[in-house]
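Right, here's the structure in full:
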């Protein structure tokens with residue numbers, strides 16, 4: 139599934155967030171699962187992965203019994219802070235308070251479609267990010283092209 143767009147939504151008093159209809163319409167429970175896994179992203183946002191996508195990515199890490207130390211640190215950091223976020227009948231997920239406070243999320247939340255996952259951040263954080271990214275757009279495109287070219291050369 140390709141996640142696109144940006145949406146501003148409010149958390150209800152029970153700390154539930156309505157997943158946008160455009161996003162839900164592309165989810166297939168047989169392929170993506172019945173909800174999301176929320177985890178801290180490397181950019182300070184709360185990342186949401188469809189649960190089956192998250193499981194597939196986690197399997198690629200391999201076993202933990204004799205894992206590399208840096209991989210063990212990564213797993214401890216990510217998996218200990220992750221949470222299963224099932225979709226309810228109304229298309230909402232309940233986000234644990236610990237994840238909301240860790241990511242500075244209060245009443246209003248920006249939901250960003252970022253290719254293979256969603257990211258949640260505050261509207262203020264997203265405004266700051268847009269202000270930071272806009273002047274660097276040309277450089278961002280150049281770096282992305284170079285990274286894609288390098289990837290193609292390795293394949």
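Numbering (our numbering), first residue to last: 139 to 293.
Even glycine gets a Cβ: it sits at the ideal position worked out from N, Cα and C.
Being a predicted model, the structure only gives us computed values, none of them experimental.
Own chain partners of residue i with C-beta closer than 7 Å, once the 5 adjacent residues on each side are dropped
| i | result |
| --- | --- |
| residue 255 | 141, 185, 186, 187 |
| residue 219 | 177, 178 |
| residue 173 | 189, 222, 223, 224, 225, 231 |
Paired residues, beta bridge with residue i - DSSP
| i | result |
| --- | --- |
| residue 263 | Paired residue(s): none; residue 263 is not in a bridge. |
| residue 231 | 155 |
| residue 255 | 252 |
Limits of the beta strand (DSSP E) - the one that residue i falls within
| i | result |
| --- | --- |
| residue 286 | Note, residue 286: premise wrong, no beta strand (DSSP E); alpha helix (DSSP H) at 275-292. |
| residue 250 | 246-252 |
| residue 223 | 221-224 |
Residue i at chain D interface by Cβ criterion, 8 Å
| i | result |
| --- | --- |
| residue 156 | The structure shown has no chain D; it contains just one protein chain. |
Start-to-end residues for the alpha helix (DSSP H) that takes in residue i
| i | result |
| --- | --- |
| residue 209 | 207-217 |
Close beta carbons around residue i, own chain, < 6 Å, minus the five adjacent residues each side
| i | result |
| --- | --- |
| residue 163 | none |
| residue 275 | none |
| residue 241 | 184 |
| residue 167 | none |
Close Cβ partners of residue i (< 8 Å) along its chain, the five nearest in sequence each way excluded
| i | result |
| --- | --- |
| residue 235 | 153 |
| residue 369 | Here the chain has residues from 139 to 293 only, and residue 369 is not among them. |
| residue 216 | 177, 178 |
CB-CB length for residue i against residue j, believed under 8 Å
| i | j | result |
| --- | --- | --- |
| residue 143 | residue 251 | 5 Å |
| residue 157 | residue 230 | 7 Å |
| residue 247 | residue 165 | Their Cβ separation, rounded to whole angstroms, is 19 Å, which puts residue 247 and residue 165 out of contact at 8 Å. |
| residue 260 | residue 243 | 6 Å |
Write down every uninterrupted run of the alpha helix (DSSP H) in the region 146-200 whose length is 4 residues or greater and which is fully enclosed by it, in chain order.
159-162, 167-170, 189-198
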